[in-house]
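Let me begin by presenting the structure, written as structure tokens, before commenting on it.
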Amino acid sequence: MKNNTNKALIISAILSFTIFLSACQPLTATTEATSTMQGTTSSPSIPTITTTPDEGLSNISPVQKLRIINQSDIALHNLVVVFPEERIEFGDLAGGATSEYRYIPQGVYPYAAYEVEVEGQSYEQPVVDWTGETPMQGENFTYTIDVDPTRWQTEGQIIQLVEVSTDPPVEVSLPVLNPTLRIGMGSPTSLAVSPDGQWLAVSTRFGVYFYHADTFAESWFAAFPERAGQVIFDPQSERLGVISGNDIVILDVENGKLLTRLMSAGNTFAWSPDGKRLVSGSGCEQVIVWDSHSGTALKEIRGGLCSEGYSGIKVTWAADGRIYGASIGKKILAWEGDTYVQVEDFSAEGVNDTWISSILAAPVGNLLVQYDSMGLPSLAIVDMIQNRQIHLLDQQVGGPITAPAWAPDGLHLAVAYGMNTGLILIWNAQTGQVEQTIEGYYTAAGLGWSPDGKTLFGPQTPDGKINAVEVSDGSVLRSMDGHAPVGNFLTWTRDGLSTTNGTAVTWWDPNSGAGLRQEMVGTPQKWVYSWPPTGPGNYIFTSSDQTHQVGSVSSTFPLENEPSQYPFDFAWSWDGSLLADPTHVWDASTGKQVSQLQDPAQQHVPDKVACSPDGKRLASADSLNMQSPVIWDAQTGKVLFRLEVETGLLNPLWLRLAWSPDGKKLAAVGALMHPDTRSDEGMILIWDVETGKQEQLLTTVMKGYRLWTAAWSPDSRFLAVGSTGRELFVWNIEKGIPLAQLKGHKDIIDQLAWSPDGRHLASVARDGTLNIWELTELLSFQ
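Quick note on our numbering: the sequence shown kicks off at 723 and runs consecutively.
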């Protein structure tokens, strides 16, 4: 029986506390070997990083852990540490053993106690001289205790404190894995045609691909450790300038070898008409002229203004020899190209931009175009001799401007208006009239003209192919595969690995990376958003008006009573019969509403959702945790219970919910936000979905990261998470430890999928690639 808690009991010690201050600084990116083939294999590289927990959360961290070191030879059974509304269960602890760590909230409590069984006797004892705070002040504590039941009758205690020590930081060694297979070359970021018409350059986040313009045969590929941005040929077609991070690199067009690097030059540039110099613009509106051969800075013609709140400047070098620049607003600046003196009486204005305007001078003649960088379909044509704007090309086509390109004659301008419109217009810049309309194309990278003005390079079809088209009628002359984004959604079932980029659904061979088949399911006006875990066949489509339909390629149904606000998240039941957003459930075969979340306490609309494997329950949460996440009944909409959230003084940001395949746990991933430093701490929070109890808060080795997506392994033992940066992490959830960091992407990881046998992990990211990791060896030791 239990001893009465009113007895005058004294506990001289309670338990041992160790704080795991987790999460490390993000790792330095490794350089990956890439190939021009769609599917490429590489030997896994497994360097090791060593981190210490004290590099992670600050002293206000809620991630506190407690352990008990039992120095005696007496076994403890059913040990529980009790706080108000908190019970920290340790179970059995043998004599001479050390317990596993348990999370314990840091805070102020009116009492603390423990419950334990020793030699068949149950005890419930308050902590004497309790000060109201858990002894967790940003240190790693070890309390060594001794257990002696004979002291109970004489001293009113069975536990005696032997030693208190502060532990040194515990090192965490984490392997870093590169993908064993990469599919896709990466989404194009810029495109350029050489002035002589011989070459075509396409940059991606992985480097620069160089092609023969007349055949699209690849000539070379130059890998970049940083994202490759804008590409521009010199006037002689001998060199290629490329934005790389904050540098400008100049490559030899014959072989792609590096000739010159302009350090910290900025993020925009243009060649002088003779190719001997470059002008660059930076984010601080600094404008510098460089010697293009030596890389020497010749003149700073506009100083950096970062401290004054300026946003940046775009530059161009016109055929008349002058340098022009544009920033926020209508004003266009001009400098003489030989003396670098600002032209004070130049007063021509472009469009009224609320951000950094883009500007591009014609290759010959006296015209330049300045256009809105925020997506409005407005272009200003400026006559540099007349010193005035002569046309405002404001075609109401309903799409953003993505890529104006001057024809070699300096009189015509090709402008793409986004995927939703599928329009490329050829303007006569002198008259301000549209001379040619090319339909069915968009471009993500830009446009380029052949020297004779008859061929336009860069238009992309909805399947992502880059084309050379006839300007006169838009007919395709030749096409290039490989630069289409692989997708932003994927599943891996026993029927195969499949992805979508919104229009095309592609099935892949996960061993070779070869595309097995492709179906055009969506359109630029009706994108494929996702499909059930069972694989493609039934889809949810997102329309350009932000409404949704569910169904197959042949027939779709609108979602009944779809909320007016655009939902942030959708979840399918595992059999594909139900579809849910954070507040509604629909029959996926008809679009009819099944239920709506009935939460009388709701004050903030949730925007994240996950569905249980059996389709009977849903979890909903709002990203900023303004209200605790809830588990609710999918058929009735009634809230079953709220989930405990214990993150102390750090605010959680939920970015994805994931229900484990065995139905027992729910994971939320995102970040803990430090109010003092405004920095992020990558976070995984695990709940028991039967009780709503928070079981784990994991942050180790994820300092500075924001987790964007998550996927459970088929056996529910491991969790893979992807970040808004470039990295993924694999965790052993049973043990609460990170196993590996996965590198290979160059942008936000959108979706993860495990192979059905749990040996491989696939990921798609906004860099346009699909990566596959072999994890058999990593997981075999777990």
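Where is the CB? At the ideal position from N, CA and C, for every residue including glycine.
Three-state secondary structure (DSSP) of W1296:
W1296 carries a coil assignment under DSSP once its states are collapsed to helix, strand and coil.
Thinking C-alpha only, which one of S1276, S1277, G1244, G1259 is nearest S1265?
G1244
Environment of L1114 [buried if 16+ CB atoms lie within 10 Å]
exposed
What would DSSP say about S1502, mapped onto helix, strand or coil?
helix
Span of the beta strand (DSSP E), counted from its first residue to its last, around E1157:
1155 to 1161
Given this structure, state the Cα-to-Cα distance separating G1337 from D1384, to the nearest angstrom.
12 Å
For R873, which three-state DSSP category applies?
helix
Residues in the same chain with beta-carbon distance under 6 Å from P1280, minus the five sequence neighbours each way, listed in chain order, please.
For P1280, where only same-chain residues beyond five positions count, the Cβ hits under 6 Å are Q1271, G1313.
What's the C-alpha gap between M858 and G1447?
Note that M858 scores a pLDDT of 46, beneath 50, so its modelled location is shaky and nothing firm can be said.
Give the DSSP bridge partners of H934, in chain order.
Beta-bridge annotation (DSSP): H934 is paired with W921.
Start and end of the beta strand (DSSP E) containing T1221?
It spans 1218 to 1222 - the beta strand (DSSP E) in which T1221 sits, taken as one unbroken run.
Beta-carbon separation (whole angstroms), T1165 vs P1181, contact threshold 8 Å:
6 Å
Does the structure place the stretch 1009 to 1027 close enough to the stretch 992 to 999 that three or more beta carbon pairs sit under 8 Å?
yes
Provide the residue span of the beta strand (DSSP E) that contains V1009, from first to last.
1009 to 1013
Straight-line gap, D1195 to I1160 (C-alpha atoms, nearest Å):
7 Å
With a Cβ-Cβ cutoff of 8 Å, do M1106 and R1044 count as a contact?
A contact, by the Cβ cut-off of 8 Å.
Could you compute how far the alpha carbon of D969 sits from the alpha carbon of L980?
13 Å
Reduced DSSP category for I1107 - H, G, I as helix; E, B as strand; rest coil:
The answer is coil: DSSP assigns I1107 none of H, G, I, E or B.
Only counting the same chain, and skipping five residues up and downstream in sequence, which positions put a Cβ closer than 6 Å to that of T750?
Confidence is the limiting factor: at T750 the pLDDT is only 30, short of 50, which leaves the residue's position unreliable, though a coordinate-based value still follows. Answer for T750: no residue qualifies.
Measure from the alpha carbon of L984 to the alpha carbon of each residue in P871, K998, S1002, then state which is nearest.
The option with the nearest alpha carbon to L984 is S1002.
Locate the beta strand (DSSP E) running through G1003, then write down its first and last residues.
999 to 1003
Should D1060 be labelled buried (16 or more other beta-carbon atoms within 10 Å of its own) or exposed?
exposed
Extent of the continuous beta strand (DSSP E) run through K1052:
1051 to 1057
Taking 8 Å as the threshold (C-beta atoms), are A1332 and L1388 in contact?
For L1388 and A1332, yes; Cβs fall inside 8 Å.
If we ignore side chains and look at the alpha-carbon of each, how far apart do I1112 and G1005 end up?
Rounded to the nearest angstrom, the two C-alpha atoms are 29 Å apart.
Can you name the residues that DSSP bridges to Q1271?
F1263, P1280
Cβ contact check for the stretch 912 to 924 and the stretch 1476 to 1496: 3 or more pairs under 8 Å:
no
Among K998, W1057, V840, M1395, which residue has its Cα nearest to the Cα of E1022?
W1057
Which value, in whole angstroms, describes the spacing of the CA atoms of A1083 and A1041?
8 Å
As a quick exercise: from L1379, I1494, D1303, W1171, pick the residue whose alpha carbon is nearest that of W921.
W1171
Measure how close the beta-carbons of P1351 and D1329 come, nearest whole angstrom, since I'm counting them as under 8 Å.
In fact, because the Cβ distance is near 11 Å, the residues do not count as touching under 8 Å.
Rounded to a whole number of angstroms, what is the C-alpha to C-alpha distance between R936 and E1157?
For clarity, residue 936 is Asp in the given sequence; the question names Arg instead. Roughly 26 Å between the two C-alpha positions.
Note down the Cα distance separating Y823 from L1419, rounded to an integer number of angstroms.
The alpha-carbon atoms of Y823 and L1419 are separated by roughly 12 Å.
The beta strand (DSSP E) with Q1315 in it runs from where to where?
Q1315 -> beta strand (DSSP E) spans 1315 to 1318.
Going by the beta-carbon positions, is the gap between R719 and A1393 smaller than 8 Å?
Residue 719 is absent from the structure shown; the chain starts at 723 and stops at 1504.
Quick one: what does DSSP say G1490 is sitting in, helix, strand or coil?
Residue state, collapsed to three classes: coil.
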